[in-house]
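Colleague: Under our numbering, the first residue of the sequence shown carries the number 12, and numbering increases by one thereafter.
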Amino acid sequence: MSRQGIGELISEAIAVFIIIAFGDSVACMYVLYDPSPYANAYWGVCIAWGLAVTIAIYVTGSVSGTHANPAVTLALATFRGFPWKKVIPYSIAQVVGGFIGATVVYLLFSPVIDHYNQVHQLTREAGGAAGVFFTHPGLAITPMHALFDQIVLTAFLLFGIFAITEQYNEMAPGANSGALIIGLLVATIGASMGYLEAWAINPARDFGPRLFAYFAGWGSSALPAPDNYWWIPIAGPLIGGVIGGAAYQWLIYPFLPARQRVLLPQAGNASKQVVADPTH
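1) Quick one: using the 10 Å Cβ neighbour count with 16 as the cut-off for buried, is F266 buried or exposed?
2) Quick check: the stretch 109 to 120 against the stretch 210 to 229, are at least 3 beta-carbon pairs closer than 8 angstroms?
3) Using DSSP with H/G/I as helix, E/B as strand and the rest coil, what is T146?
4) In three-state DSSP terms, what is P94?
5) For N128, name the three-state secondary structure that DSSP assigns.
6) Would you give the residue range spanned by the alpha helix (DSSP H) that L168 belongs to?
7) For the putative contact between G255 and A166, defined by C-beta atoms under 8 angstroms, what is the C-beta separation to the nearest angstrom?
8) Taking the alpha carbon of G61 as the point to measure from, which residue in P154, G205 and E136 has its own alpha carbon closest?
9) How many whole angstroms separate the CB atoms of F173 and Y259, which I take to be in contact at a CB cut-off of 8 angstroms?
10) Are the CB atoms of A82 and E23 nearer to each other than 8 angstroms?
11) Helix, strand or coil for L43? Go by DSSP, reduced to three states.
12) May I have the straight-line CA-CA distance separating T134 from S231, to the nearest angstrom?
13) Kindly indicate which three-state DSSP category M12 falls into: helix, strand or coil?
14) Rounded to whole angstroms, what is the Cα-Cα separation between V286 and F28?
15) Hey, would you say G76 sits closer than 8 angstroms to I162, going by beta carbons?
16) Determine the burial state of T153: buried for a count of at least 16 other Cβ atoms within 10 Å of its Cβ, exposed for fewer.
17) Identify which residue in D238, I200, I66 and I193 has its Cα closest to the Cα of Y53.
18) Looking only at C-alpha atoms, which of A79, T65 and I124 sits nearest to P214?
19) State yes or no: is the C-beta of T71 within less than 8 angstroms of the C-beta of I25?
20) Looking at L118 and the ligand MG, is the gap between the Cβ and the nearest heavy atom below 7 angstroms?
21) Would you please state the rounded distance, in angstroms, between the beta carbons of P149 and E208? I believe it to be under 8 angstroms.
22) Below 8 angstroms between beta carbons: does that hold for F90 and A257?
23) Once DSSP output is grouped into helix, strand and coil, what is the label at L234?
24) Taking the alpha helix (DSSP H) that T134 falls in, what are its first and last residues?
25) Is the beta carbon of R216 less than 8 angstroms from the beta carbon of I30?
26) Which class does N239 belong to by DSSP, given the choice of helix, strand or coil?
27) Within 10 Å of its beta-carbon, does A202 have 16 or more other beta-carbons around it, so buried, or fewer, so exposed?
28) Going straight from the alpha carbon of N187 to that of E177, what length do you get?
29) Using CA atoms only, rank isn't needed, just tell me which of W241, V130, I212 and R270 is closest to Y44.
30) For A227, I'd like the list of residues in its chain whose CB is within less than 7 angstroms of its CB, leaving aside the five on either flank, ordered along the chain.
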């Protein structure tokens, strides 16, 4: 692998590391403290996650493009020409970044985690405080319904990302402000749909910290998790990302006026060449 290729993988790991280091930390603030500093202020949690994504993009975007999400990587390979040979290495790097990010969060909050479990008479093996690291179904949500939710939420995410980053979209944010808008998109998904199952919308965001938690004492509550839930935040986003990308490519992209203006002169030139060619 080239030096640049290694740099791209490091960049992807750092991007997810940043997202998890801030995101799981705000989850700790939300869950572990009583009263929570975010009591009646859930939007603050969503904004923190969103700004973590924004910071990650500004830090690593010039190196790897900041996919920071296997669902994004897969959708870009499917519709935007990202090399297929990089999909698995990028995804592995993203999971590694999530694992390391969760490690840092644990080093910061482990005394608070232990205190929370002691006060609530919980153990790690029983899932005490596990929600600060990885996702699980919320009120009245079954695992299969959660799979559907994750497909839909991630479809929204990729639909939005494709729009925000499309060169022919004249309404897309400019002057490098796309990172902020993507962060607000993540925050909006969390604010509107996040309670369903903590809005994973990213296999690396869930599996990296889940893998760390497995080794840090949460055991079967992390993997395979109750009702064998661990695979749902992986499969749902991967499916949803492709659906969201397809929706944009099929429903919006063909009709962008700027794209039409580029294609029409090319079509005109082709017609002139045909007329001038005596072989036609």
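The beta-carbon is built from N, C-alpha and C at its ideal position, and this holds for glycine as well.
Modeller: Taking the geometry as given:
1) It is exposed - the Cβ of F266 has fewer than 16 other Cβ atoms within 10 Å.
2) Verdict: yes, contact present.
3) Three-state result, T146: coil.
4) For P94, the secondary structure class from DSSP, reduced to helix, strand or coil, is coil.
5) Judged by DSSP in its simplified three-state form, N128 adopts helix.
6) It spans P154 to T176 - the alpha helix (DSSP H) in which L168 sits, taken as one unbroken run.
7) Contact holds; Cβ gap of about 3 angstroms.
8) The shortest C-alpha separation from G61 is found at G205.
9) The pair is a contact, with the Cβ atoms about 4 angstroms apart (cut-off 8 angstroms).
10) With a cutoff of 8 angstroms on beta-carbon distance, A82 and E23 are scored as not near each other.
11) L43 sits in a helix when the DSSP states are folded into three classes.
12) Roughly 12 angstroms separates the two Cα atoms.
13) The answer is coil: DSSP assigns M12 none of H, G, I, E or B.
14) Low confidence applies to V286: its pLDDT is 38, below 50, so where it sits in the model is not reliable enough to give any reading.
15) Taking 8 angstroms as the Cβ cut-off, G76 and I162 do not qualify as a contacting pair.
16) When all chains shown are included, T153 counts as exposed.
17) Closest option to Y53, Cα to Cα, is I200.
18) Sorting A79, T65 and I124 by C-alpha distance to the C-alpha of P214 places A79 at the top.
19) The answer is yes: Cβ separation under 8 angstroms.
20) This structure does not include the ligand MG; it has no bound ligands of any sort.
21) Rather than Pro, the amino acid found at residue 149 in this sequence is Gly. So it is a contact: roughly 5 angstroms between Cβ atoms.
22) Contact annotation: F90 and A257 have beta-carbon atoms nearer than 8 angstroms.
23) Assignment of L234 by DSSP, reduced to helix, strand and coil, places it in the coil class.
24) Counted as a single uninterrupted DSSP element, the stretch harbouring T134 is not any alpha helix (DSSP H), since DSSP gives it neither H nor E.
25) In contact: R216 and I30 (Cβ atoms closer than 8 angstroms).
26) In the three-state DSSP reduction, N239 falls in the helix class (H, G or I).
27) Residue environment analysis places A202 among the buried positions, since at least 16 neighbouring C-beta atoms fall within 10 angstroms of its C-beta.
28) Approximately 13 angstroms, taken between the alpha carbons.
29) Of W241, V130, I212 and R270, the residue nearest in Cα terms is V130.
30) Correct list, in chain order: Y117.
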